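In the UniProt record's numbering, the protein residues as written are 1 to 472.
Where a beta carbon is used, it is the ideal one built from N, C-alpha and C, also for glycine.
Keep in mind the model is a prediction, meaning the values are calculated, not measured.
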């Protein structure tokens, strides 16, 4: 039986407290009015303007005879004709002043919404990221039962512990969706009636993209996933004292049913919760793309938690062959994610249809660092670090690669969410770091606390002996 160390528990609690404080600061620091945005932008450009003025002054002094040149002498070269032209231009400027002022106010209001969205978007990215890890672990766990895998039963309690976050994580995501539906933020632009009234594309999708139906679908997804997880876990606990395979057979059937439910609802979830942030854009590969991200993140987390427990003298039946298999999944699904990303990107980029290619243009121009950094951490690093078979058996090497993969898939979620919610007003600051600390601490506490609720070995599983002696 695992005992939660006070050090780990304290670390998780501190992370949650620091994260909560940082998010509170993020909401307080967000601008409240257009005037606040103007002041912020003016203060940002003040330094640049000061630098330009300094450069101009230096250039004037460096003119031939610059020490004796006065500004009045320079202005003396202006002619009466140029003065008349300036008067004419000034009159034209006054005529269009009202239109320009209106445009400027709309621009500032747009930036206001983006900056107000920033802490909300940071919370949404982190909340969805840790939730998707739990969901991916449930899918991987169900696959092991449905396939009647013989290598993995010694890891089942680790998988079950990670899925324990599914209920609290799902509630958090659902609350965020409800708050969006109540117009407390502007994450989903199609929820704004004013936007829909002037957008024919969104109007054509209102039968599907409307708040009541949106929340009903979310409740169905979450309810189904949580129910399947509860039943699988319940039967797994009963399996410890079972004298036959009744509960194993029940979990086999449940896992098969869950996978059918999951493959449909996961795709719809990715359309609703991520793709609808950009309601003008769509991709038929998007459900698979999100699945690959959550699946490899979950397997990576399973490997990291397993290696941590082994380092604390738990899971004595887990050997290098089990870690090797987890690392192979990390490597293989990273390649699968890259295949899906490139298939989606290449087809859209090559066809060059404006309403489709704009999705990638925005990310490549405004999000260069996270966009290309995501490709390096999600493809290049796993390929280079895990291609060698021997490295897959080195625990610290798997941990290091796993941390890189998790950071890369956080960036993947970040790049999917932020351009549609904060536009070019992005930067990884206090709200983003605080949200990761908050939900990372909560995730860690729930997962390791769940490990204390049951023995770390599923005794009644018919494949447990095969899994204990799994070597190659």
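Original post:
Is any heavy atom in the ligand GDP found nearer than 8 Å to the beta carbon of residue 284?
Top reply: The ligand GDP is not part of this structure, which contains no ligands at all.
Subject >> Backbone CA spacing between residue 214 and residue 298 [nearest angstrom] >> reply: Cα to Cα, residue 214 sits roughly 26 Å from residue 298.
Original post:
Is residue 295 closer than 9 Å to residue 333 when the C-beta atoms are compared?
Top reply: A contact, by the Cβ cut-off of 9 Å.
Original post:
Just curious, the alpha helix (DSSP H) that residue 415 is in, first and last residue?
Top reply: 395 to 421
Original post:
Sorted by chain position, which residues of the same chain lie with C-beta nearer than 6 Å to residue 441's C-beta, five sequence neighbours on each side aside?
Top reply: 12, 15, 16
Original post:
Per DSSP, what kind of secondary structure is residue 22 in: helix, strand or coil?
Top reply: helix
Original post:
Among the residues of its own chain, which have a CB less than 7 Å from the CB of residue 360, if the five just before and after it don't count?
Top reply: These residues qualify, in order along the chain: 345, 348, 349.
**OP:** Please confirm if the segment 138 to 145 is in contact with the segment 428 to 442, defined as three or more CB-CB distances below 8 Å between the two stretches.
**Re:** Cβ pair count under 8 Å is below three, so no.
Subject >> Integer Cβ distance of residue 248 from residue 462, believed to fall under 8 Å >> reply: 6 Å
Subject >> Contact check, residue 413 vs residue 174, beta carbons under 9 Å >> reply: no
**OP:** Leaving aside the five residues before and after residue 307 along the sequence, list all residues of the same chain whose C-beta is less than 7 Å from its C-beta, in chain order.
**Re:** These residues qualify, in order along the chain: 323, 395, 398, 399.
**OP:** Decide if the segment 189 to 201 is in contact with the segment 228 to 236; the criterion is three or more beta carbon pairs, one per stretch, under 8 Å apart.
**Re:** no
Original post:
Near residue 424, what residues of its chain come up, given a Cβ to Cβ distance below 7 Å and the 5 sequence neighbours on each side ignored?
Top reply: 366
**OP:** In the DSSP assignment, find the unbroken alpha helix (DSSP H) run with residue 436 in it and report its ends.
**Re:** 430 to 451
Subject >> Residues of its chain near residue 221, where Cβ-Cβ distance is below 6 Å and the 5 sequence neighbours each way are ignored >> reply: 265, 269
Original post:
Near residue 109, which residues of its chain fall below 7 Å by C-beta distance, leaving aside the five closest residues on each side in sequence?
Top reply: Excluding residues within five positions, the ones whose Cβ falls inside 7 Å are 34.
Subject >> Own chain partners of residue 3 with C-beta closer than 7 Å, once the 5 adjacent residues on each side are dropped >> reply: 452
Original post:
Touching or not, the segment 315 to 331 and the segment 381 to 390, by the rule of three or more beta carbon pairs under 8 Å?
Top reply: yes
Original post:
Under the three-state reduction of DSSP, which class applies to residue 184: helix, strand or coil?
Top reply: coil
Original post:
Quick one, which of 422, 245, 447, 153 has its alpha-carbon nearest residue 188's?
Top reply: 422
Original post:
Near residue 40, which residues of its chain fall below 7 Å by C-beta distance, leaving aside the five closest residues on each side in sequence?
Top reply: 31
**OP:** Determine, using beta carbons only, whether residue 19 and residue 467 come nearer to each other than 9 Å.
**Re:** no
**OP:** Grab the span of the alpha helix (DSSP H) containing residue 326 for me, first residue to last.
**Re:** 320 to 351
**OP:** Please confirm if residue 400 has its CB atom under 9 Å from at least one CB of chain D.
**Re:** As a matter of chain content, chain D is missing from the structure shown, which is built from one protein chain.
Original post:
Among 471, 303, 458, 363, which residue has its Cα nearest to the Cα of residue 406?
Top reply: Of the candidates 471, 303, 458, 363, the one whose C-alpha sits nearest the C-alpha of residue 406 is 303.
Subject >> Exposure label - residue 260; buried when at least 16 CB within 10 Å >> reply: exposed
Original post:
Looking at the structure shown, is residue 366 part of a helix, part of a strand, or coil, going by DSSP?
Top reply: DSSP, reduced to helix, strand and coil, places residue 366 within a helical segment of the structure shown.
Subject >> Which listed residue (437, 210, 351) has its alpha carbon closest to that of residue 277 >> reply: 210
Original post:
Below 9 Å between beta carbons: does that hold for residue 371 and residue 337?
Top reply: no
Original post:
By Cβ distance below 8 Å, which residues in the same chain neighbour residue 146 in space, the five residues on each side in sequence not counted?
Top reply: 252, 255, 256, 259
Original post:
Within 10 angstroms of its Cβ, does residue 474 collect 16 or more other Cβ (buried), or is it exposed?
Top reply: This structure cannot settle anything about residue 474, because the visible part of the chain is limited to 1 through 472.
**OP:** Using a threshold of 9 Å, state whether the C-beta atoms of residue 287 and residue 26 are closer than that.
**Re:** no
Subject >> Which of helix, strand or coil DSSP assigns to residue 312 >> reply: coil
Subject >> Top-ranked residue by Cα proximity to residue 236, from 194, 155, 184, 212 >> reply: 155
Original post:
How many whole angstroms separate the CB atoms of residue 418 and residue 121, which I take to be in contact at a CB cut-off of 8 Å?
Top reply: Rounded, the Cβ-Cβ distance is 6 Å, consistent with contact.
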